[in-house]
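All remarks here apply to the structure that follows.
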Amino acid sequence: GPDHHETRFLKKYLVQALQQQGKKDEARDIIQELDDAEEAERREREGSEGFDCFSFNVCGKEALEGLMDPNKDEREEEQRLKKEVKASKKAWRRIREERFKFLDASSSIDNRDRSTQSEASGY
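Counting the sequence shown from 1 gives a position; our numbering is that position plus 182.
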């Protein structure tokens, strides 16, 4: 990923290559990204070292939810996917009704023919 230590290592080489090619602006942008990533990592390390009961009150809700329902993220992702599928099916039904109405009409005729045949045959 973009924050992985190997990616950052390769970006440092990229900065050197860009500077040698005279592409100072691009190199400066990547240097800024690297500095931001290092700063964020430093803040994260400092924040995790200072964990005590008082900091739990600040972020306690998220921590408690994680303990009480460890599969929450997976479940929410599943629910989101189900909603997307349902919306997609609804959109398809609407498109099908608008553009392919003849398919529904022929299908209902076929179904009526089958029901007539099954009544005649006694099934």
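Virtual Cβ for every residue (Gly too), placed ideally from N, Cα, C.
Could you give the DSSP three-state label for K205: helix, strand or coil? K205 falls in the coil class under three-state DSSP.
Quick check: what's the CA-CA separation for Q201 versus F191? Cα to Cα, the separation comes out at about 16 Å.
Does DSSP put F236 in a helix, in a strand, or in coil? Confidence in F236 is poor, its pLDDT being 49 and thus under 50, which makes the residue's placement too unreliable to answer from.
Under 8 Å, do I213 and L196 count as touching if we go by C-beta distance? Taking 8 Å as the Cβ cut-off, I213 and L196 do not qualify as a contacting pair.
Less than 8 Å between C-beta atoms, sequence neighbours within five positions excluded: which residues of the same chain meet that for D286? Closer than 8 Å at Cβ, skipping near neighbours: R278 and E279.
Assigned secondary structure, F282 (DSSP; H/G/I helix, E/B strand, else coil): Look at F282 here: in three-state DSSP terms it is coil, with no helix or strand label.
Indicate the three-state DSSP secondary structure (helix, strand or coil) for D185 in the structure shown. DSSP, reduced to helix, strand and coil, places D185 outside both helices and strands of the structure shown, so it counts as coil.
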